[in-house]
Amino acid sequence: MITSIADTVRLSNGNEIPGVGYGTWQITDASQATEGVKAAIRDGYRHIDTAAAYGNEEAVGKGIAEALEENGLTRKDLFITTKLWKEDFLGAVIEDAETSTEDLPGLKEAAVAAFETSLAQLGLDYVDLYLIHWPANAKGYDNWREINAILWSALEEVYRAGKARAIGVSNFLEHHLQALIEDGDVPPMVNQIEYHLGFAQKAAADYAAANGLVVEAWSPLGSGKVLDNEVLGQVADSLGKTPAQVALRWLLQKDIVVLPKSVTPERIASNAELFDFELDAAQMATLDAIEIDGDHMDPDTIDL
Ligand code: A2P
Numbered sequence: 028m029i030t031s032i033a034d035t036v037r038l039s040n041g042n043e044i045p046g047v048g049y050g051t052w053q054i055t056d057a058s059q060a061t062e063g064v065k066a067a068i069r070d071g072y073r074h075i076d077t078a079a080a081y082g083n084e085e086a087v088g089k090g091i092a093e094a095l096e097e098n099g100l101t102r103k104d105l106f107i108t109t110k111l112w113k114e115d116f117l118g119a120v121i122e123d124a125e126t127s128t129e130d131l132p133g134l135k136e137a138a139v140a141a142f143e144t145s146l147a148q149l150g151l152d153y154v155d156l157y158l159i160h161w162p163a164n165a166k167g168y169d170n171w172r173e174i175n176a177i178l179w180s181a182l183e184e185v186y187r188a189g190k191a192r193a194i195g196v197s198n199f200l201e202h203h204l205q206a207l208i209e210d211g212d213v214p215p216m217v218n219q220i221e222y223h224l225g226f227a228q229k230a231a232a233d234y235a236a237a238n239g240l241v242v243e244a245w246s247p248l249g250s251g252k253v254l255d256n257e258v259l260g261q262v263a264d265s266l267g268k269t270p271a272q273v274a275l276r277w278l279l280q281k282d283i284v285v286l287p288k289s290v291t292p293e294r295i296a297s298n299a300e301l302f303d304f305e306l307d308a309a310q311m312a313t314l315d316a317i318e319i320d321g322d323h324m325d326p327d328t329i330d331l
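Convert by adding 27 to the 1-based position in the sequence shown; the result is the number in the numbering used here.
1) Can you find a heavy atom of the ligand A2P that lies under 6 Å from the Cβ of L254?
2) Among residues of its own chain, excluding the 5 on either side of G260, which ones have a beta-carbon nearer than 8 Å to its beta-carbon?
3) Which partner residues of S197 appear in the DSSP bridge assignment?
4) Could you name each continuous beta strand (DSSP E) segment of 3 residues or more that falls completely within the region 233-306, going from the start of the chain to the end?
5) Three-state secondary structure (DSSP) at I159?
6) Does A230 come out as helix, strand or coil in the three-state DSSP assignment?
7) Consider the C-beta atom of P292 and the heavy atoms of the ligand A2P; say whether any pair is separated by less than 6 Å.
8) Would you say A193 touches the ligand A2P, meaning its beta carbon is less than 6 Å from a heavy atom?
9) Whose CA, out of I107, T35 and G99, lies closest to the CA of G88?
10) Decide if E293 is buried, meaning its Cβ has at least 16 other Cβ atoms within 10 Å, or exposed.
11) Find out if the Cβ-Cβ distance for the pair R10, L248 is shorter than 7 Å.
12) For L134 and L178, what's the separation of their Cα atoms in angstroms?
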């Protein structure tokens with residue numbers, strides 16, 4: 028269990044990942060992304076999570092550069108994650124493959140090129156973590172397993188080149204992860220999945236952890252939807268904390284890395300104040316039992 032905003036947990040390759048990251052999904056406005064990143068780093072966050080699909084890598088990179096300068100930090104003080112968005116090129120590559128004698132020609136090269144584009148957008152010469160954003164799934168592709176294995180070989184290439192200091196996956200359920208581990212050479216180090224009060228993907232999280240991966244929670248506040256839950260409110264009131272702080276602390280106490288997103292300066296600051304209280308076993312059990320209705324993106328059926 029981490030004890031401060033910059034405290035880290037160890038990945039299976041020995042690298043350290045800060046247990047709280049600033050999430051940037053759904054920050055589409057460039058100046059909000061830049062200012063959000065700067066506020067987060069000013070408030071002590073040392074981990075920033077973005078993705079090619081978020082459309083904000085350039086603005087996030089600008090925020091990183093300005094924050095380093097303003098706070099007297101260097102690149103190695105930060106942990107930066109981005110993700111491979113395979114749908115940008117996968118369709119075309121698969122169409123080519125149907126008329127080709129080779130297996131999925133160009134897929135690996137296209138994935139490496141997508142990584143290089145992300146790096147250029149961010150203005151960095153390496154990232155700390157690169158993830159496959161979503162698995163190819165059986166609903167979309169008969170050869171989903173082969174596609175994921177080829178994409179993984181691209182991540183292995185950038186890892187071996189030192190341009191991604193760690194590599195992993197996102198939204199991989201047990202069967203996707205098992206296949207990838209069997210097919211690849213470098214074991215994935217992280218699985219980033221949707222995980223929040225009322226939607227604990229426990230089977231996926233437990234399988235990843237049992238295989239040595241660090242689990243990260245995207246939408247740790249359920250994109251804000253968990254925050255008006257009455258039971259959460261009662262626990263938060265009894266502790267003198269905000270619902271968001273309790274929802275995040277609940278995840279940290281499960282050794283899950285949290286990536287809260289906010290564009291609101293006071294919330295960015297308060298979402299980092301998670302280390303002056305503790306949830307006891309009864310409070311954890313109360314929070315575990317919360318049920319919240321909602322639609323979720325299913326890695327087995329999602330058509331991105
Ligand atoms: P905003 O960005 O307008 O501040 P998640 O991290 O689960 O994706 O949730 C993000 C959503 O939760 C955003 O809409 C964000 O709003 C909101 N949010 C983030 N932190 C807080 C907070 N401390 N209190 C209330 N809402 C918050």
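Where a beta carbon is used, it is the ideal one built from N, C-alpha and C, also for glycine.
Taking the geometry as given:
1) yes
2) P270
3) Q219
4) 241-245
5) strand
6) helix
7) no
8) no
9) I107
10) exposed
11) The requested residue 10 does not occur in the structure, where the chain is confined to residues 28 to 331.
12) 7 Å
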